[in-house]
Amino acid sequence: MRLINHIPARPGAIILAALPFVLIFVAYSVASDFRLTANPQDKLLPAPSTIAETAERLFTTPDKRSKEILLWNDTLASLARLSGGVAISAALSLVLGLAIGLLPYARSLFSGFIAVLSMVPPLALLPILFIVFGLGEVSKVVLIVIGITPFMTRDLAQRVMEIPKEQIVKAQTLGASSWVIAQRVALPQVLPRLISNVRLSLGSAWLFLIAAEAVASDVGLGYRIFLVRRYLAMDVILTYVIWITLLAFVIDWLLKSLSRRAFPWMEAGL
Amino acid sequence: MSFVSVTNVWQRYGNRSILERVNTTVAEGEFISIVGASGCGKSTFLRMLLAEERPYKGAISIDGGETAVEPNRERGVVFQKYSVFPHLTVRENLIAAESFEKPFGRLRGAARKAAESRADATLERIGLNHVSGQYPASLSGGMQQRLAIGQAMTAKPRILLLDEPFGALDPGTRLQMHDFLLELRDETNMTVFMVTHDLDEAFKLGDRVLVFDKPRWDPDDPGLHGATITYDFDARNKGMPFQDILDQYPSLARD
Ligand SMILES: Nc1ncnc2c1ncn2[C@@H]1O[C@H](COP(=O)(O)OP(=O)(O)OP(=O)(O)O)[C@@H](O)[C@H]1O
Ligand SMILES: [Mg+2]
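Protein chains in written order, with my numbering: chain A, 1 to 270; chain B, 1 to 255.
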């Protein structure tokens, strides 16, 4: 039989899915053990048990000076920036995407501009943002917005243009104005796409967030990672990395279930 | 007398002529079938009747009006596919035919209730009441087209345009759709233009059958001349036009 026709059965599939994680964990443990037997003071690869202890301390023990648990503060600050930036981008890209997709004048005006804008490397703009908006929250949110809006806008505009012409004509024969077509025909059909765009853009959004926090901040997940890097606190860094990954995973999963719940017509044909 | 009049209509894309000198008049309540070779411009003609595009030259008027510049509620349409809204349920698709002309595309309160009960009556009429809460993608092709026709009729257009409405259906479903369309037509006396590739269908449903073809042909430049109406058959009496012809020209009966 051809390789493309070999399909793993249920238990096998689960084991296969778990395999890379297990391998990484085993490889890490072995390597860490190796280094720690050679030099118990080694900080580069802390033992998994050390990481677990550190994680427990980070999640539960308040800071001596501020009496607050820093990890939760960092998480809240980062999530606020991330969701602010992503929400603004989603709203902007939705409005622009509908306008570009439906209105020929808006298409002429914006589509070239946005194509060029999406070529600008956002991180190169970071210094400018710090100069213009200061080192506070605004510059971090703006970086996320600049970083992900052009892509989301282009994709949504494309989706709007892919709505069959027949539907747009049909709506007109029912007397719909441009506004009604945008809001009752195009918008509901691109909302699922908006959610999948947000899911796709979250990776970049995290990247921009952590970069901005690393450069200038006094709280935030990215800030903390880059702060403790000076003390080579690998156990803290790894805890934060795993925590960020977990957050990203949960957000993605929530968006996916939201999309499935909110748009039953998408699956009607399947 | 003439309800729709098409006067010396031309259409061209770039320097390709598609239609030229198209002239016809249609009385209110007539059912016009349109046939012709693939690519000869039947859909183009329908798009101009729909005002989705404007003629290069000439005028199309409904009830003495001006040539329209964009589609409006005077003209209903059913395409071969994509004629209903996939994100609305069957019932919502019918209500949309009443609510889309409102400023926000929605009806509220008593108006909404009234539209809902009219939609339910229509669903009963078109035999879709058992699937009123489903989305179009879960319906069969025939049901989708019945919904599309019901939706177009709900808006009470002055003319109904059908572009190969049954082109994607199997022969059995097609026959059912013919009965359905004929019944609806008897009830409403709607003026209908229908493009089809099926000659039997054209003669069975139509009062008249218009044939589009190129009267002139330039072998060096096929795009030079456009198509026009080359035949205009009377198709009443179950598509047996010769009976009328014999009435009009008894001399033809003698050999
Ligand atoms: N927007 C357009 N721009 C340029 N050419 C077009 C456009 N629309 C249609 N055409 C051309 O005009 C010609 C007539 O097209 P039309 O769709 O009206 O044919 P048709 O008779 O409906 O064919 P079919 O039976 O295959 O549906 C075709 O050659 C087509 O390629
Ligand atoms: Mg066609």
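Glycine included, C-beta positions come from ideal geometry on N, C-alpha and C.
Let me know the alpha helix (DSSP H) ranges lying completely inside the segment 34–65 of chain B, each 4 residues or longer, listed in chain order.
Entirely contained in the segment 34–65 of chain B, the alpha helix (DSSP H) runs reaching 4 residues are, in chain order, 42–50.
In the segment 165–190 of chain A, which residues sit with their C-beta less than 7 Å from some C-beta in chain B, listed in chain order?
From the segment 165–190 of chain A, only Glu166, Gln167, Val169, Lys170, Ala171, Gln172, Thr173, Leu174, Gly175, Ala176, Val180, Gln183, Arg184, Val185, Pro188, Gln189 have a Cβ closer than 7 Å to chain B.
Do the segment 147–154 of chain A and the segment 43–53 of chain B meet, that is, are 3 or more Cβ pairs less than 8 Å apart?
The segment 147–154 of chain A is not in contact with the segment 43–53 of chain B.
In this structure, does DSSP put Gly105/B in helix, strand or coil?
Coil.
Beta-carbon of Leu50/B versus every beta-carbon of chain A: anything under 8 Å?
With 8 Å as the cut-off, Leu50/B counts as an interface residue toward chain A.
Name the residue from Ile229/B, Ala155/B, Ser43/B, Asp198/B whose alpha carbon lies nearest to the alpha carbon of Thr188/B.
Of the listed residues, the one whose Cα sits closest to Thr188/B is Ala155/B.
Is the CB-CB distance between Phe104/B and Asn93/B below 8 Å?
No, they are not a contact pair.
Could you check whether the Cβ of Phe203/B sits closer than 8 Å to any Cβ belonging to chain A?
Chain A, which has no Cβ nearer than 8 Å to the Cβ of Phe203/B, makes this no.
Look at Ser29/A and Pro46/A and say whether their C-beta atoms are less than 8 Å apart.
It is not a contact, given that the beta carbons lie outside the stated cut-off.
By Cβ distance, which residues of its chain are closer than 7 Å to Val62/A, with the 5 residues on each side in sequence left out?
It should be pointed out that residue 62/A corresponds to Pro in this sequence rather than to Val. Taken in chain order, the residues that qualify are Glu68, Ile69.
Span of the alpha helix (DSSP H) holding Ile147/A?
As written in the sequence, residue 147/A is Gly, which differs from the Ile given in the question. Start and end: 137–162.
Could you tell me whether any Cβ in chain A is nearer than 8 Å to the Cβ of Val77/B?
By this cut-off, Val77/B is an interface position.
Mind checking whether the beta-carbon of Tyr82/B lies closer than 7 Å to any heavy atom of ligand 1?
The answer is no for Tyr82/B.
Give me the residue from Asp218/B, Asp221/B, Val211/B with the minimum Cα distance to Ser38/B.
The shortest C-alpha separation from Ser38/B is found at Val211/B.
Check whether the Cβ of Asp198/B sits closer than 7 Å to any heavy atom of ligand 2, and report yes or no.
No.
Using the beta-carbon count (16 or more within 10 Å), is Val90/B buried or exposed?
The residue is buried, with at least 16 neighbouring Cβ atoms inside 10 Å.
Here's a check: name, in chain order, each residue in its chain whose Cβ is nearer than 7 Å to the Cβ of Ala152/B, leaving out the five neighbours to either side.
If we look at Ala152/B and ignore the five residues flanking it on each side, its Cβ neighbours are Gly76, Val77, Val78, Leu160.
Got a sec: does ligand 1 put a non-hydrogen atom nearer than 7 Å to the Cβ of Ile60/B?
No.
Whose Cβ in chain A lies nearer than 7 Å to the Cβ of Gly105/B?
Ordered by position in chain A, the residues that pass the 7 Å Cβ test against Gly105/B are Ala176, Val180, Gln183, Arg184.
Within 10 angstroms of its Cβ, does Ser140/B collect 16 or more other Cβ (buried), or is it exposed?
Classification for Ser140/B: exposed.
Tell me the rounded alpha-carbon separation between Gly12/A and Ala99/A.
So the alpha carbons of these two residues sit roughly 49 Å apart.
Taking Ala202/B and Ser33/B to be in contact with their CB atoms under 8 Å, please state how far apart those CB atoms are, rounded to whole angstroms.
That belief holds up - the Cβ atoms of Ala202/B and Ser33/B are roughly 4 Å apart, short of 8 Å.
Would you say Val138/A and Ile88/A are within 8 Å of each other, going by their C-beta atoms?
No, they are not a contact pair.
Do you know how far the Cα of Met119/A is from the Cα of Ser117/B?
Their backbone Cα atoms lie some 53 Å apart in a straight line.
In the structure shown, what three-state DSSP assignment does Asp213/B receive?
Strand, per DSSP.
Nearest chain B C-beta to Trp72/A closer than 8 Å, yes or no?
Chain B, which has no Cβ nearer than 8 Å to the Cβ of Trp72/A, makes this no.
Please check if any C-beta of chain B sits within less than 8 Å of the C-beta of Trp265/A.
Chain B, which has a Cβ nearer than 8 Å to the Cβ of Trp265/A, makes this yes.
Between the beta-carbon of Leu207/A and the beta-carbon of Thr75/A, is there less than 8 Å?
It is not a contact, given that the beta carbons lie outside the stated cut-off.
What span of residues does the alpha helix (DSSP H) with Ser2/B cover, start to end?
No alpha helix (DSSP H) contains Ser2/B, which is instead part of the beta strand (DSSP E) from 2–13.
In three-state terms, what does DSSP make of Gly269/A?
Low confidence applies to Gly269/A: its pLDDT is 48, below 50, so where it sits in the model is not reliable, and the reading given next is rough at best. Coil.
Indicate whether the contact test is met: 3 or more Cβ pairs, each with one atom in the segment 154–168 of chain A and one in the segment 119–138 of chain A, closer than 8 Å.
At 8 Å Cβ cutoff, the stretches do not touch.
Given this structure, state the Cα-to-Cα distance separating Val241/A from Trp253/A, to the nearest angstrom.
Computed Cα separation, rounded: 18 Å.
Opposite Gly76/B in the DSSP bridges: which residues?
Leu160/B, per the DSSP bridge assignment.
Just list the residues that DSSP pairs Met194/B with in beta bridges.
Note: Met194/B sits in a beta bridge opposite Ser33/B, Leu162/B.
Roughly how many angstroms separate the alpha carbons of Leu213/A and Gly84/A, rounded to a whole number?
Here the sequence assigns Glu to residue 213/A, which means Leu is not the residue at that position. Glu213/A and Gly84/A: Cα-Cα distance of roughly 15 Å.
Quick check on this structure: which residue in Pro219/B, Arg158/B, Leu107/B has the alpha carbon closest to the alpha carbon of Pro71/B?
Ranking Pro219/B, Arg158/B, Leu107/B by Cα distance to Pro71/B puts Arg158/B first.
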